[in-house]
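S.K.:
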Amino acid sequence: MKKIKIGVIGAGRIGKVHVATLMQSVPEADVIALSDINIISARELAQKFGIKTVTTDYQEIIQHPDVEAVVICSPTDTHTQYIIEAARAGKHIFCEKPVDLSLDLIKKAINAVFKAGVKFMVGFNRRFDPNFLKIKTMVEEGKIGKPHVLKITSRDPAPPPAEYSAVSGGMFLDMTIHDFDMARYIVGSEVVEVFTKAAVLVDPEIGKAGDVDTAIITLTFANGAIGVIDNSRKAVYGYDQRLEIFGSEGMINADNNYPETHRYYSKKGVTKSLPLNFFMERYTQSYVNEMITFCNLLRDKIQSVVSCDDGLKSVAIALAAKKSYLENRPVKLSEIKY
């Protein structure tokens, strides 16, 4: 079968993950072009995987005659521009989350995608994690009856630099946005109200940059279910990613992933290994499943499973959470004009 020729924009941390995934684990894909303003980083990555076209100019990726699809892994403030230009060039698009920090700009990107008739997918990789996929399937099968309570724990092993917080849109738009998407996905209902309590408990520099590093967020869903998300930028024991959903007929939960499953029992107690340390290790399979899904979308085997609308709604919830924190009150999603 002819391989899908892909161009990647951005050779940073997530760009490296996607290039490695596409070249090593997705037989249908072939990354033929790569761009990054850091040409040294781009060349090192290209050399590792035999990518022929390497450039600092993203337009060379978009205008490349052989590139069929573009994977956008650049900083968030470039996403809308790159999406619009790629759509106009007739390229299919995969874009990392968030699509943008502005709802108006996201709408412009969506309009460009629909006008061009190209396929589009947002990078909410956690939907493709085997643990969470199993929970989603069981909820859809009615195994827990009517969903009542959702609990998501998402804690990073270490905080980002404060300067990153200043440009990323803050924790709600950069980190918790994954949890907002997971909440909608697992419960199968839209969020109608958000109430946030947050603080700076990990790194004072993050607070000086105008962000928070610890939060409890309560969600109310249209179907009556209630959700709670707890976030921290620093869990000393590793990457903490757990989920539980409780309903009228039962409960399902997913624990952390571990490098192995040993338990050591002694007179001092019971010990085991710490969870996998960060997202590159914890979500390796989810990135593979995500890119296989993107290729299946391009082959017309499936409809889009993470759509433009999903990208828009996750940002709307994040903005509602931020507004709730700043105003210390519950915020209805109807207050966020999208």
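Residues in the sequence shown are numbered consecutively from 3, following this note's numbering.
Beta carbons are placed, not taken as given, at the ideal position from N, Cα and C, and that holds for glycine.
Keep in mind that this is a model prediction, so the values were computed, not measured.
#1: Taking 8 Å as the threshold (C-beta atoms), are lysine 93 and valine 124 in contact?
#2: Could you check where the alpha helix (DSSP H) with tyrosine 289 kicks off and where it finishes?
#3: Quick test of your reading: threonine 216 and asparagine 233, contact by CB under 8 Å. State the CB separation rounded to the nearest angstrom.
#4: Where does the unbroken beta strand (DSSP E) through arginine 244 begin, and where does it stop?
#5: Hey, could you find the ends of the beta strand (DSSP E) proline 149 is sitting in?
#6: Cβ atoms of serine 37 and glutamate 70: under 8 Å apart, would you say?
#7: Could you check whether valine 194 and threonine 222 sit closer than 8 Å to each other, using their CB atoms as the reference points?
#8: Express the C-alpha separation of arginine 265 and lysine 334 in angstroms, rounding to a whole number.
#9: Quick one: measure Cβ to Cβ for valine 230 and isoleucine 218, integer angstroms, because I've assumed they're closer than 8 Å.
#10: CB-CB under 7 Å to leucine 152, same chain, minus the five flanking residues each way: which ones, in chain order?
#11: Where do the ends of the beta strand (DSSP E) carrying isoleucine 304 lie?
#12: Mind checking whether the beta-carbon of isoleucine 146 lies closer than 7 Å to any heavy atom of the ligand HEM?
#13: Would you say the region 52-61 touches the region 25-37, given that touching needs at least three Cβ pairs under 8 Å?
#14: Around the C-beta of phenylalanine 116, are 16 or more other C-beta atoms found within 10 angstroms, so that it is buried, or is it exposed?
#15: In this structure, what does DSSP give as the bridge partners for serine 268?
#16: Buried or exposed: which applies to glutamine 243, given that a residue is buried once 16 or more other Cβ atoms fall within 10 Å of its Cβ?
#17: Look up cysteine 97 in the DSSP assignment and give the residues it is bridged to.
#18: Can you tell me the Cα-Cα spacing of methionine 177 and lysine 236, whole angstroms?
#19: Give me the Cα-Cα distance between alanine 111 and asparagine 225, rounded to the nearest whole angstrom.
#20: Do valine 290 and valine 101 have their beta-carbon atoms positioned less than 8 Å apart in this structure?
#21: Residue range of the alpha helix (DSSP H) that aspartate 176 falls in?
#22: For a quick check, are the C-beta atoms of glutamate 30 and isoleucine 11 less than 8 Å apart?
#23: Under a three-way DSSP split, which group does glycine 252 fall into?
#24: With a threshold of 8 Å on Cβ separation, who are the neighbours of leucine 105 within its own chain once the five nearest residues in sequence on each side are excluded?
#25: Helix, strand or coil: which one does DSSP assign to lysine 210?
#26: Using 8 Å as the threshold, is the C-beta distance between cysteine 75 and histidine 20 below it?
#27: If you compare alpha carbons, which of Leu328, Lys303, Ala22 is closest to alanine 200?
#28: Taking 8 Å as the threshold (C-beta atoms), are proline 206 and tyrosine 239 in contact?
#29: Distance check for arginine 128 and isoleucine 137, CA to CA, integer angstroms please.
#30: Using 8 Å for Cβ pairs, my map puts methionine 293 next to isoleucine 146. What's the rounded Cβ distance?
#31: Let's test the definition: count the other Cβ atoms within 10 Å of the Cβ of lysine 133 and tell me whether it reaches 16, buried, or not, exposed.
#32: Between glycine 144 and phenylalanine 197, what straight-line distance do the alpha-carbon atoms span, to the nearest angstrom?
M.R.: Answer, in terms of the structure:
#1: The answer is no: Cβ separation not under 8 Å.
#2: Membership of tyrosine 289 in the alpha helix (DSSP H) is indicated by the continuous run 286-300.
#3: With 8 Å as the limit, threonine 216 and asparagine 233 qualify as a contact, their Cβ atoms being about 7 Å apart.
#4: Annotation: the continuous beta strand (DSSP E) that includes arginine 244 extends over 242-249.
#5: For proline 149, the enclosing beta strand (DSSP E) has its first and last residue at 149-157.
#6: Going by C-beta atoms, glutamate 70 is not nearer than 8 Å to serine 37.
#7: Against a cut-off of 8 Å, the Cβ pair of valine 194 and threonine 222 comes out as a contact.
#8: Their backbone Cα atoms lie some 46 Å apart in a straight line.
#9: Contact holds; Cβ gap of about 7 Å.
#10: Closer than 7 Å at the Cβ level, and outside the excluded window around leucine 152, lie Ala185, Ile188, Val189, Ala227, Gly229, Ile247.
#11: It is not in any beta strand (DSSP E) - isoleucine 304 carries neither H nor E in the DSSP assignment.
#12: By its list of ligands, the structure shown contains no ligand whatsoever, and the ligand HEM lies outside what it can speak to.
#13: Proximity of the region 52-61 to the region 25-37 meets the contact definition, three or more beta-carbon pairs being nearer than 8 Å.
#14: Phenylalanine 116 comes out exposed.
#15: Beta-bridge annotation (DSSP): serine 268 is paired with Gly271.
#16: Answer is buried; the Cβ neighbour count reaches 16.
#17: Paired residues: Ile74, Val124.
#18: For methionine 177 and lysine 236, the distance between alpha carbons rounds to 12 Å.
#19: Distance between the alpha carbons of alanine 111 and asparagine 225 is about 30 Å.
#20: A distance of 8 Å or more separates the beta carbons of valine 101 and valine 290.
#21: That run of the alpha helix (DSSP H) goes 173-176.
#22: No.
#23: In this structure, glycine 252 counts as strand in the three-state DSSP scheme.
#24: Correct list, in chain order: Leu314, Val317, Ala318, Leu321, Ile338, Lys339, Tyr340.
#25: Helix.
#26: Going by C-beta atoms, cysteine 75 is nearer than 8 Å to histidine 20.
#27: Residue Leu328 is the option with its Cα nearest to alanine 200.
#28: For tyrosine 239 and proline 206, no; Cβs fall outside 8 Å.
#29: So the alpha carbons of these two residues sit roughly 12 Å apart.
#30: Contact flag wrong, Cβ pair sits at about 30 Å.
#31: A small correction: the amino acid at residue 133 is asparagine; lysine does not occupy that position in the sequence shown. Around the CB of asparagine 133, 16 or more other CB atoms lie within 10 Å, so the residue is classed as buried.
#32: Roughly 28 Å between the two C-alpha positions.
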